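Using the numbering used here, the letters of the sequence shown correspond one by one to residues -6 to 432.
No residue lacks a Cβ here, since even glycine has one placed at the ideal position from N, Cα and C.
Since we're looking at a predicted model, the values are computed, not measured.
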Amino acid sequence: MPSLLDDVPISLFHIRLAACASGGAFIDGYVLAIFGVAMVQIGPEFALSAAAKGAVAAMVLLGVFFGGFIGGYLTDRFGRQRIYKWDLAAISALSIASFFVEGAFSLIIMRLLVGLAVGIDYPIAPALLTEFSPKRLRGPLLGVLISLFFVGGAAAYVTGEIMLSTIGDGAWRWMLASTAVPAAIIAVMRIGTPESPLWLARNGRVEEANSVMAKVFGPGVRVDESPAEARAGGGLFAVVKAGYVGRLLFVTAIWICLIIPVYAIFAFGPQLVGAMHLEGRASTLGSAAIELFFAVGCVIALLLVNRVGRRTMTIQSFAWAAIPMLLLAIFSDAPAIWAAVFFAAYALFSGGMEVMSFVYPNELFPTELRGSAMGIVTALSRFGAAVGTFLVPIFLENFGISTTMYGAFAITVVGLVISAMWAPETRNMSLAETSSLSH
């Protein structure tokens, strides 16, 4: 029987934990995409300009910005388990409240609060999954999280289209409220999840940590983590003080470069696809199909991440994803079938960098800073995504689809250059090795 966490085999516990942790990513994808469909009715009902549409859509990302900071600090300071049980319940309640909004201002407030709750979950669920996973499963299991993000987006597009067809006027209220159902289900599934043994050990509670290990994996399995010499307490200053600024900047930069095009597609998927000559129901369902291609790309990447390696996967993914973005810009007037092919190709090729957006921030920082680092990266990247989401409708209206796609191509190339210069290799290493500054 293995004696250390890094050596344990996969179990039903890992599968259940991955499903529950991935639920947060599913909700994030659902929240973003369902609003993209709802905007078809919200825009005319509230007489929103292009700039106002961008501002409203960006509110959830602004909420994630603040939520990432808050969740990261709280999970490093007080543990993974406490908030993990309640943040999705908050999303469920806020989604129901969104049904009753009156006017653009109240809608903005509700979107901000939903984003806040989503952001709080971002650093918690991946940290918990990371700290229960053996090294050979860590990359693939973290890849499951981002895969469910896109499954959530596809589910939202289909749900939104069904509601538009069956409910008609006012369907947008039911769309926003529909998030409550999966959020509540996943919140219930999370009940009973134990505290991270690595967090417990790092905070001097070694006996509790080994008790959790014995309960989950059987007697004789222990943690290989000693208490921190000085407890950092979490937060941005703790990460900076510990010397992880370079890693923080690297992970944030590549995440911004991959997330701006993706979030633009999520928030304005039907409009973007419509601008490429797919209209009406075909536009919405086309967006759903693209999200499924994103999910397939992530599944392929998570199956290859241990074979190819982290660095190679990141570089290759950015390189290949840039090509269809360039083709979309050059051939923006191409027939609809080619637009769909280019979008699908981008979705497939981006799988590697999407998976690494969850793997790198959870491998490159120590246990006492992991949640804070993930929260900071989430916050900063979503701020960049919020800016991009705000600008997308303005660019579409004033410059057209071609210029918008040239911008997305340029951002992807920047991500490629950054990855080629600074992406590290962490394959087959323990968390102690991957998070060491000497690595």
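In the structure shown, what three-state DSSP assignment does ARG420 receive? The residue labelled residue 420 in the question sits at position 427 within the sequence shown. The answer is coil: DSSP assigns ARG420 none of H, G, I, E or B.
Buried or exposed (CB count within 10 angstroms, at least 16 for buried), LYS234: On the sequence shown, position 241 is the one that residue 234 refers to. Exposed.
Could you say if the region 29 to 44 and the region 200 to 209 meet the contact criterion of at least three C-beta pairs nearer than 8 Å? No contact exists between the region 29 to 44 and the region 200 to 209.
For the region 362 to 382 and the region 90 to 98, state whether three or more C-beta atom pairs, one from each stretch, are separated by less than 8 Å. Here the region 362 to 382 does not lie against the region 90 to 98, with fewer than 3 beta-carbon pairs under 8 Å apart.
Are the region 96 to 114 and the region 141 to 161 touching by the rule of at least three beta carbon pairs closer than 8 Å? No, the region 96 to 114 does not touch the region 141 to 161.
Would MET182 and MET168 be called neighbours here (beta carbons separated by less than 8 Å)? Position 189 of the sequence shown, counting from 1, holds the residue named residue 182. Position 175 of the sequence shown, counting from 1, holds the residue named residue 168. The answer is no: Cβ separation not under 8 Å.
If you reduce the DSSP assignment to three classes, tell me which class VAL24 lands in. The residue labelled residue 24 in the question sits at position 31 within the sequence shown. Under the three-state reduction of DSSP, VAL24 is assigned to helix.
For VAL298 and THR305, the rounded distance between their alpha carbons: Here the question's residue 305 lines up with position 312 in the sequence shown. Here the question's residue 298 lines up with position 305 in the sequence shown. Cα-Cα distance, rounded: 9 Å.
If I measure Cβ to Cβ from PRO359 and keep anything under 7 Å in the same chain, skipping five residues before and after, which residues do I get? The sequence position of residue 359 within the sequence shown is 366, counting from 1. In chain order, SER428 place their CB closer than 7 Å to the CB of PRO359, counting only its own chain and leaving out the 5 sequence neighbours on each side.
Is the Cβ-Cβ distance between PHE28 and ALA50 less than 8 Å? Against the sequence shown, residue 28 aligns to sequence position 35. Against the sequence shown, residue 50 aligns to sequence position 57. Yes, these two residues count as a Cβ contact at 8 Å.
Excluding five sequence neighbours on each side, which residues of the same chain lie with their C-beta closer than 7 Å to the C-beta of PRO(-5)? As a working note, residue -5 is residue 2 in the sequence shown. Legend: pLDDT at PRO(-5) = 49, less than 50; position of this residue unreliable, no value from coordinates given.
For a quick check, are the C-beta atoms of GLU124 and PRO190 less than 8 Å apart? For the purposes of this step, residue 124 is taken as residue 131 along the sequence shown, with counting starting at 1. For the purposes of this step, residue 190 is taken as residue 197 along the sequence shown, with counting starting at 1. One thing to note: GLU124 has its Cβ within 8 Å of the Cβ of PRO190.
When ALA333, PHE143, PRO354 and MET349 are compared against GLN309, the one with the closest alpha-carbon: In the sequence shown, residue 309 corresponds to position 316, counting from 1. Nearest Cα to GLN309 within the set ALA333, PHE143, PRO354 and MET349: MET349.
Given a cut-off of 8 Å, decide if ALA327 and MET398 are closer than it, judged by their beta-carbon atoms. Position 405 of the sequence shown, counting from 1, holds the residue named residue 398. Position 334 of the sequence shown, counting from 1, holds the residue named residue 327. With contacts defined by Cβ atoms closer than 8 Å, MET398 and ALA327 do not form a contacting pair.
Looking at the structure shown, is LYS208 part of a helix, part of a strand, or coil, going by DSSP? Taking the sequence shown and counting its residues from 1, one reaches residue 208 at position 215. Residue state, collapsed to three classes: helix.
ALA223 to ALA403, Cα distance in whole Å? Reading the sequence shown from its first residue, position 230 is the one you call residue 223. Reading the sequence shown from its first residue, position 410 is the one you call residue 403. Bear in mind that a pLDDT of 42 at ALA223, under 50, signals an unreliable position, so the number given afterwards is only what the model happens to contain. Distance between the alpha carbons of ALA223 and ALA403 is about 43 Å.
Evaluate contact between the region 352 to 371 and the region 57 to 71, counting only Cβ atoms and requiring at least three cross-stretch pairs below 8 Å. The way I'd put it, the region 352 to 371 does touch the region 57 to 71; three or more beta-carbon pairs between them come closer than 8 Å.
Can you name the start and end residues of the alpha helix (DSSP H) that ASN196 belongs to? As a position in the sequence shown, residue 196 is number 203, starting the count at 1. Looking at the DSSP string, ASN196 is not in any alpha helix (DSSP H), and its letter there is neither H nor E.
Between which two residues does the alpha helix (DSSP H) carrying GLU356 extend? On the sequence shown, residue 356 is found 363 positions in, with the first residue counted as 1. Looking at the DSSP string, the run of the alpha helix (DSSP H) that includes GLU356 is 344 to 356.
Could you tell me the distance, in whole angstroms, from the CA atom of GLY22 to the CA atom of GLY197? Indexing the sequence shown from 1 puts residue 22 at position 29. Indexing the sequence shown from 1 puts residue 197 at position 204. Using only the alpha carbons, I get a separation of about 37 Å.
Going by the CB atoms, is the gap between SER374 and ILE252 shorter than 8 Å? Residue 252 sits at position 259 when you count from the first residue of the sequence shown. Residue 374 sits at position 381 when you count from the first residue of the sequence shown. Going by C-beta atoms, ILE252 is nearer than 8 Å to SER374.
Within 10 Å of its beta-carbon, does PHE98 have 16 or more other beta-carbons around it, so buried, or fewer, so exposed? As a position in the sequence shown, residue 98 is number 105, starting the count at 1. In the assembly as shown, PHE98 is an exposed residue. Its beta-carbon has fewer than 16 other beta-carbons within 10 Å.
Evaluate ALA225 with the Cβ neighbour count: other Cβ atoms within 10 Å of its Cβ, from every protein chain shown; 16 or more gives buried, anything less gives exposed. Position 232 of the sequence shown, counted from the first residue, corresponds to residue 225. With a pLDDT of 48 at ALA225, under the threshold of 50, the modelled position of this residue cannot be trusted, and the question is left open.
Quick check: the Cα distance between ARG75 and VAL107, rounded to an integer number of angstroms? Within the sequence shown, residue 75 is the residue found at index 82, counting from 1. Within the sequence shown, residue 107 is the residue found at index 114, counting from 1. Take the alpha-carbon of ARG75 and the one of VAL107: they are about 19 Å apart.
Taking only the alpha-carbon atoms, compute the straight-line gap between SER126 and GLU390 and give it to the nearest angstrom. Working through the sequence shown from its first residue, we reach residue 126 at position 133. Working through the sequence shown from its first residue, we reach residue 390 at position 397. Near 47 Å, if we compare the C-alpha coordinates of GLU390 and SER126.
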